[in-house]
Amino acid sequence: MSLSALAAQVFTGLVLGMIFVLLAIGLSLIFGLMTVVNFAHGSLYMLGAFVGFSLLGLTKNFWLALVLAPLLVGMLGLFIERFLIRRLYGRSPDDPLLLTFGLSLIMIEAARLYWGKIGLTLDPPRALAGPVNLGFTMFPVYRLFVIAVTLAVLIALWLFLTRTNVGLIIRAGSRDPLMVRALGIDLSRIWLLVFGIGAALAGLAGILAGPMRGVYAEMGVTMVIESFVVVVVGGMGSLVGAVVAGILMGQVVGLTTFFAPKLAEIMIFVVMAVVLLVRPSGLFGEAGLLE
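Okay, so the sequence shown: first residue is 6 according to the working numbering, each after it adds one.
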């Protein structure tokens, strides 16, 4: 075992953690404000990769596809909230869960019909191809780009939630929606926006992951399960918890793959069980969105 190989695996785990973070903060935003468990999140992640693939084929411009794919998936999220999920508010919490689970199956089958059952390759631009020498190891430039994009998104989201009136309403609504309604604020528009943002983040995660993990209809199935684990470990509805747990779980998967590959698929569930034994509400489960 060489130190350079171990360092490369740590960075690989960090990249996977960034994908987890993008998915988990979308799930946490939606659950924190709307108390909706969105099982379609993995399929929105998958659509981000497929839409990015199609846009790249049409435009031959990866950067344009990187911008448009999350926006289009976000628009689909707006449609899902406005015309489907909104009809279920005030009913059993199981209803949105069953609806989004059904939507996930529909989107997977639609992807198979339109793009085929064979996995596709999503190539990064030439500027991001090849490795870079970090001094202690060689590492793909594209994976460093994924880390940078995720950090930029986190900073932008933090500024949005802390420096804008809408962000303040989102944070207040996650704490006490009745009080927000008493102030005359229409939370339905905020729910629409939050669901759209969550969907766009899933789409962004999908197109970013495509060049590393391939593009296929079932790519979101495992990722959404692992992302729910991240959300539970971090604390339901906590964005800080989603970030911390996402990075932690990325390292757990990366290092377990390096030292004990046969245990890689179950180790995050072991970590979740240990965390819940110590803190049943998760690492940041009793805090607000940004606490």
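Using N, Cα and C, we set each Cβ at its ideal position, and we do this for glycine too.
request  = Given a cut-off of 9 Å, decide if arginine 117 and alanine 45 are closer than it, judged by their beta-carbon atoms.
outcome  = By one-based count along the sequence shown, residue 45 stands at place 40. By one-based count along the sequence shown, residue 117 stands at place 112. For alanine 45 and arginine 117, no; Cβs fall outside 9 Å.
message = If contact is defined by three or more beta carbon pairs under 8 Å, each pair taking one atom from either stretch, is the region 17 to 35 in contact with the region 206 to 221?
response = At 8 Å Cβ cutoff, the stretches touch.
key: Buried or exposed by the 16-neighbour rule on C-beta atoms within 10 Å, applied to valine 283   = Locating residue 283 in the sequence shown gives position 278, where the first residue counts as 1. Answer is exposed; the Cβ neighbour count stays below 16.
query = Exposed or buried, methionine 241, counting other C-beta atoms within 10 Å across all chains shown (16 or more means buried)?
reply = In the sequence shown, counting from the first residue as 1, residue 241 sits at position 236. Burial state of methionine 241 is buried, judged by a 10 Å Cβ sphere holding 16 or more other Cβ atoms.
task = Grab the span of the beta strand (DSSP E) containing asparagine 138 for me, first residue to last.
result = Position 133 of the sequence shown holds residue 138. Per DSSP, the unbroken beta strand (DSSP E) holding asparagine 138 starts and ends at 136 to 138.
key: Coarse secondary structure for proline 182, derived from DSSP in three states   = Position 177 of the sequence shown, counted from the first residue, corresponds to residue 182. Helix, per DSSP.
The region 193 to 200 touching the region 160 to 175, judged by at least three CB pairs closer than 8 Å = Three or more Cβ pairs drawn from the region 193 to 200 and the region 160 to 175 lie within less than 8 Å of each other, which places the two stretches in contact.
Reference leucine 38, options Ser193, Phe233, Val220 and Val226, closest by Cα = As a first step, residue 38 is located in the sequence shown; it is residue number 33 there, counting from the start. Minimum Cα distance to leucine 38 is reached at Ser193.
key: Closest residue to threonine 64 among Tyr50, Pro130 and Phe144 (Cα-Cα distance)   = In the sequence shown, the residue the question calls residue 64 occupies position 59. Here the closest residue by C-alpha is Pro130.
query = Using 9 Å as the limit for Cβ to Cβ distance, is threonine 261 near chain D?
reply = The structure shown has no chain D; it contains just one protein chain.
task = Report the residue from Phe264, Ile212, Leu166 and Phe289 whose alpha carbon sits nearest the alpha carbon of leucine 69.
result = As a first step, residue 69 is located in the sequence shown; it is residue number 64 there, counting from the start. Nearest C-alpha to leucine 69: Ile212.
message = For the alpha helix (DSSP H) containing proline 75, name the first residue and the last one.
response = Counting from one through the sequence shown, the residue named residue 75 turns up at place 70. 67 to 88 is the extent of the alpha helix (DSSP H) around proline 75.
message = Give me the residue from Gly215, Met272 and Phe165 with the minimum Cα distance to valine 56.
response = Numbered from 1 along the sequence shown, position 51 holds the residue referred to as residue 56. When each option's Cα is compared against that of valine 56, the closest is Gly215.
Threonine 40 versus glycine 124: straight-line alpha-carbon distance, rounded = Your numbering for residue 40 matches position 35 in the sequence shown. Your numbering for residue 124 matches position 119 in the sequence shown. Approximately 34 Å between the Cα atoms of the pair.
request  = List the residues that DSSP assigns as beta-bridge partners of proline 145.
outcome  = The residue labelled residue 145 in the question sits at position 140 within the sequence shown. Under DSSP, proline 145 shares a beta bridge with Pro136.
Any 3 or more C-beta pairs closer than 8 Å across the region 10 to 18 and the region 253 to 262 = In short, these stretches touch, since the Cβ pair count reaches three.
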